[in-house]
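First up is the structure itself, then whatever we jot down about it.
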Amino acid sequence: MPIISVKKAFPFAVDGNQVVEIQVGEQEVSDRCALVAVEHLGVAEYLDGSGPAENDPLKMNVPELKEWLTAKGIEFDKGAKKEDLQKLVPTND
Numbered sequence: 001m002p003i004i005s006v007k008k009a010f011p012f013a014v015d016g017n018q019v020v021e022i023q024v025g026e027q028e029v030s031d032r033c034a035l036v037a038v039e040h041l042g043v044a045e046y047l048d049g050s051g052p053a054e055n056d057p058l059k060m061n062v063p064e065l066k067e068w069l070t071a072k073g074i075e076f077d078k079g080a081k082k083e084d085l086q087k088l089v090p091t092n093d
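In UniProt numbering, the protein residues as written are 1 to 93.
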């Protein structure tokens, strides 16, 4: 579960029925709660790199980029350097 730093308390529906108040400070929360607080409400930030995985292929490290290219069906030289792999990323993604 991600750890977030909450700057402003906010209500969160844990299961759609029960609403709890997430307090200011460092909180360990569910992935969904973190997404709502950080991305939608803008009242928190991720701590210790516990946020979601990078989804921009141009910002990924080499192993992540190779996995992304493979998933997209894009062939590459297994020994290719990061710059060469980045050139294979389609511009419309």
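For every residue, glycine included, the Cβ atom is placed at its ideal position computed from N, Cα and C. Quantities reported herein were computed from a predicted structural model and do not represent experimental measurements.
Per DSSP, the unbroken beta strand (DSSP E) holding V6 starts and ends at 3 to 6. With contacts defined by Cβ atoms closer than 8 Å, I4 and V29 form a contacting pair. Cβ atoms of V43 and K7 come within 8 Å of each other, at about 6 Å. For L85 against K66, the beta-carbon gap comes to about 7 Å, under 8 Å, which counts as contact. Listed in chain order, the non-local C-beta contacts of K82 below 6 Å within the same chain comprise V62, local neighbours out to five positions each way being set aside.
Rounded to the nearest whole angstrom, the C-alpha separation of P90 and E26 is 39 Å. One Cα belongs to A13, the other to N55, and the distance between them is close to 27 Å.
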